DNA sequence: GATACTTTGACAAACAATGGACAAGGTGTT
DNA sequence: AACACCTTGTCCATTGTTTGTCAAAGTATC
């Protein structure tokens, strides 16, 4: 579509081999070997015969490195075109760490303050450096400076998005993402420990359905629910419908909140939702949110489940009784 | 356009045997043996006679491995078609639920104080009642009263064991276990945030290998490591060997600590350990612990990996340099 | 001279294929 | 109980291929 053959920034060669090596994590020797043996890319040449790689080349090399990291053999993937390669890498990633489908581009930080922006930069730097302690320090400071609400909206949410993007662009690895998850869990978990709520406040069970391992959405939801006046029973991720139903019954909960991120539109999750509705009957309110939630809209409709757009829209508890 | 009968991505052979082995958890030798003896799949061949498996092959092999894991004999299930197999696996799964390997009876609380015993009872009651807030209160009080070390030894470790037993005996449900996990994570995570350690303290990367979803052992290890004077880079659970190696390299870590709880003696985990050792070379110390660790003893020996008995035995960092 | 790049050739490890062997555990027969 | 037999996962030897890395020798730039 945008393929003016010349002049295109994507295809204009300009990166030297050392730069590309650092950027992709592939040593120069190996870059040359891959080119020599499999013709993996065809970089242009500078005046003295030096290799000059285009952005498109870098992109393709990043995909190849990911495929190899996932356990593929370079000879098996070297011949694939970029589309095929991208599909392969995406699939491998799903299996390796259960972490899924491109989130349907959450909204970019809207009214982010300059202050939050500075924390965001500092946090990103700490993640990139795998600096656990530094990241915790940034989050603690930000928590004090911004308050809970802004912390979630202006720091944590954009941070998750940026790290996701950077991973996708090959600048970060899965390990960075895990580090962030671990720290954020530590930051978010205390938020729903709020014991100041009356014993009689309506309860909500917060979890993710079986097959859905990503917990951060659930933690954000739990923190938001506390602020709305719910008493939260937090159950962690990956719980079968029977367990959710049993817990809701035992806790005398008025609602269940589920976060859906992985595998948009997958059949197992839809079935879990159906089973849950059947097990709990019509009286329990069920809320779902998360990047993948909208892909289940038809099922949600059929089951009378409410879709929540972002943690800030978490419903207030019913006033009756 | 995607429905050309050939050209179909599901049936086009493209996965090398090593990759399939990792993906399915079936070692290469066994893959070949199953093919030779039962014709379980018919992979295509690459130009030099190398096996290339299709997505459909991988799917079928995964089903077969699940059936075998559930106690079926390969000879009995090898002839079934995929639909039959899927039904069988689904049925078996319902029976076994999700039985994590029986822990090899961790030591009963040795010198437990009466005080800790009271906290233990209170904590168990809160878990049984799904009382999130109450459980947090008990843990917070206990943390102050007992101190970190005794908290781990005399409360958290026995608590995990008791809940595990009660769950196994049907007195508690998965939801109770998850509630406990979530709260304990909140308690343990701050323990390795200790910023008082010098920037130059030797670093240890703490995580669990791919396939191992249980995080609490890793958290206990992280907390113990901090007390021993390590600077901890905590990466959460379920990380492939490449990622662990990459993170250790980037963090300039002196050691990696892994917690193993699920599926004692399983092949995937053993392979992950082997790959990790290969990727990091001989210079990085690797520690493993957890209920399932002893079932890998021969592998650990072969790889020069140190088995740690309980978080209290976590090794001190090397004094050299 | 130090640095960054080029080409070519070489090499050790890791990986894969075939076919055979074997031990541990289960099944069946007497 | 003892026995032979089958099943199954693992291991080995041998051969060959693939792949990451290294070294040598040369060139341009600062």
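Residue numbers (our numbering), protein chains in the order written: chain A, 1 to 321; chain B, 1001 to 1321. Glycine is no exception: its CB is placed at the ideal position from the N, C-alpha and C atoms. Just so we're clear, the structure is a prediction, and the values are computed from it rather than from any experiment.
>> Once DSSP output is grouped into helix, strand and coil, what is the label at residue 1045 (chain B)?
In response: Correct three-state label for residue 1045 (chain B): strand.
> Does the segment 1260–1274 of chain B come within contact of the segment 145–163 of chain A, defined as at least 3 CB pairs closer than 8 angstroms?
Replying inline: No, because fewer than three Cβ pairs between the segment 1260–1274 of chain B and the segment 145–163 of chain A fall closer than 8 angstroms, the two stretches do not touch.
> What does a CB cutoff of less than 8 angstroms around residue 1308 (chain B) pick up in its chain, not counting 5 residues either side in sequence?
Replying inline: Once the five neighbours on either side are set aside, the close Cβ partners of residue 1308 (chain B) are 1221, 1257, 1287, 1288, 1289, 1293, 1314 and 1315.
> Beta-carbon of residue 184 (chain A) versus every beta-carbon of chain B: anything under 8 angstroms?
Replying inline: Not closer than 8 angstroms to any Cβ of chain B, the Cβ of residue 184 (chain A) fails to qualify, so no.
> What does residue 1132 (chain B) touch in chain A if you count any residue whose Cβ is under 7 angstroms from its own?
Replying inline: Those are 232, 233 and 234, listed as they occur along chain A.
> How would you label residue 311 (chain A), buried or exposed, when you count the other beta carbons within 10 angstroms and need 16 or more for buried?
Replying inline: Residue 311 (chain A) counts as buried, since at least 16 other C-beta atoms from the protein chains shown sit within 10 angstroms of its C-beta.
> Near residue 1024 (chain B), what residues of its chain come up, given a Cβ to Cβ distance below 6 angstroms and the 5 sequence neighbours on each side ignored?
Replying inline: The beta carbon of residue 1024 (chain B) sits closer than 6 angstroms to the beta carbons of 1061, 1062 and 1065 from its chain, once the five residues preceding and following it are set aside; these are given in chain order.
>> For chain B, check one thing: does any of its Cβ atoms lie closer than 8 angstroms to the Cβ of residue 121 (chain A)?
In response: No, its Cβ sits nowhere closer than 8 angstroms to a Cβ of chain B.
> Taking residue 1050 (chain B) as the reference, which of B:1015, B:1073 and B:1026 has the closest Cα?
Replying inline: Of the candidates B:1015, B:1073 and B:1026, the one whose C-alpha sits nearest the C-alpha of residue 1050 (chain B) is B:1015.
> Taking C-beta to C-beta, are residue 1175 (chain B) and residue 246 (chain A) nearer than 8 angstroms?
Replying inline: Taking 8 angstroms as the Cβ cut-off, residue 1175 (chain B) and residue 246 (chain A) qualify as a contacting pair.
> Going straight from the alpha carbon of residue 1080 (chain B) to that of residue 1056 (chain B), what length do you get?
Replying inline: If you draw a straight line from the Cα of residue 1080 (chain B) to the Cα of residue 1056 (chain B), it comes to about 15 angstroms.
>> What are the residues in the segment 1242–1271 of chain B lying within 8 angstroms of chain A by C-beta distance?
In response: Interface annotation for the segment 1242–1271 of chain B against chain A: 1242, 1243, 1244, 1246, 1247, 1250 and 1251, criterion Cβ-Cβ distance under 8 angstroms.
>> Report the CB separation of residue 1211 (chain B) from residue 71 (chain A) in whole angstroms; it is logged as a contact under 8 angstroms.
In response: About 14 angstroms separates the beta carbon of residue 1211 (chain B) from that of residue 71 (chain A), a gap too long to meet the 8 angstroms contact definition.
> At which residues does the alpha helix (DSSP H) containing residue 246 (chain A) begin and terminate?
Replying inline: Here the alpha helix (DSSP H) through residue 246 (chain A) covers 241–250.
>> Does any residue of chain B have a CB that is nearer than 8 angstroms to the CB of residue 35 (chain A)?
In response: Interface criterion not met: the Cβ of residue 35 (chain A) is under 8 angstroms from no Cβ in chain B.
>> Counting only Cβ pairs nearer than 9 angstroms, list the residues of chain B close to residue 69 (chain A).
In response: Those are 1240, 1242, 1243 and 1246, listed as they occur along chain B.
>> According to DSSP, simplified to helix, strand and coil, what is residue 1214 (chain B)?
In response: Per DSSP, reduced to three states, the secondary structure at residue 1214 (chain B) is coil, with no helix or strand assignment.
> Apart from the five residues on each side of it in sequence, which residues of its chain come closer than 8 angstroms, Cβ to Cβ, to residue 68 (chain A)?
Replying inline: If you ignore the 5 residues before and after residue 68 (chain A), its C-beta comes within less than 8 angstroms of the C-beta of 74 and 77, all in its own chain and listed in chain order.
>> Can you tell me where the alpha helix (DSSP H) holding residue 1207 (chain B) begins and where it ends?
In response: Run containing residue 1207 (chain B): none in the alpha helix (DSSP H); it sits in the beta strand (DSSP E), 1203–1207.
> Contact between the segment 1227–1237 of chain B and the segment 38–54 of chain A: three or more CB pairs below 8 angstroms?
Replying inline: At 8 angstroms Cβ cutoff, the stretches do not touch.
> For the 8 angstroms Cβ check, are there 3 or more pairs between the segment 199–210 of chain A and the segment 168–183 of chain A?
Replying inline: Per the Cβ contact rule, the segment 199–210 of chain A is not in contact with the segment 168–183 of chain A (fewer than 3 Cβ pairs under 8 angstroms).
> By the 10 Å Cβ neighbour count, where 16 or more other Cβ atoms means buried, how is residue 1268 (chain B) classified, buried or exposed?
Replying inline: Buried, because 16 or more other Cβ atoms sit within 10 Å of the Cβ of residue 1268 (chain B).
>> Once DSSP output is grouped into helix, strand and coil, what is the label at residue 1196 (chain B)?
In response: If DSSP states are grouped into helix, strand and coil, residue 1196 (chain B) belongs with coil.
> By Cβ distance below 8 angstroms, which residues in the same chain neighbour residue 1115 (chain B) in space, the five residues on each side in sequence not counted?
Replying inline: Same-chain partners within the cutoff: 1145 and 1146.
> Where does the unbroken alpha helix (DSSP H) through residue 17 (chain A) begin, and where does it stop?
Replying inline: DSSP places residue 17 (chain A) inside the alpha helix (DSSP H), whose first and last residues are 17–24.
> DSSP puts residue 1051 (chain B) in a beta bridge; with which residues?
Replying inline: Answer is B:1045.
> Could you give the residue range of the alpha helix (DSSP H) that holds residue 1182 (chain B)?
Replying inline: Unbroken alpha helix (DSSP H) run through residue 1182 (chain B): 1174–1188.
> Assuming residue 1188 (chain B) and residue 178 (chain A) make a contact with CB atoms under 8 angstroms, what is their CB distance in whole Å?
Replying inline: Actually they do not touch by this definition, with Cβ atoms about 16 angstroms apart.
> Tell me which same chain residues have a C-beta within less than 6 angstroms of the C-beta of residue 1237 (chain B), skipping the five on either side of it?
Replying inline: Excluding residues within five positions, the ones whose Cβ falls inside 6 angstroms are 1208, 1213 and 1215.
> Do you know offhand how far residue 197 (chain A)'s Cα is from residue 190 (chain A)'s?
Replying inline: So the two alpha carbons sit approximately 14 angstroms from each other.
> Which term fits residue 1152 (chain B), buried or exposed, when burial requires 16 or more other beta carbons within 10 angstroms of its beta carbon?
Replying inline: Classification of residue 1152 (chain B): buried, given that the 10 Å Cβ count is 16 or more.
>> Let me confirm a value: residue 1082 (chain B) is counted as buried when at least 16 other C-beta atoms fall within 10 Å, else exposed. Which label applies?
In response: Classification of residue 1082 (chain B): exposed, given that the 10 Å Cβ count is below 16.
> Hey, which unbroken runs of the alpha helix (DSSP H) at 4 residues or more fall wholly within the segment 1065–1099 of chain B?
Replying inline: Annotation: the segment 1065–1099 of chain B contains the following complete segments of the alpha helix (DSSP H) (minimum length 4 residues), in chain order: 1074–1077 and 1082–1096.
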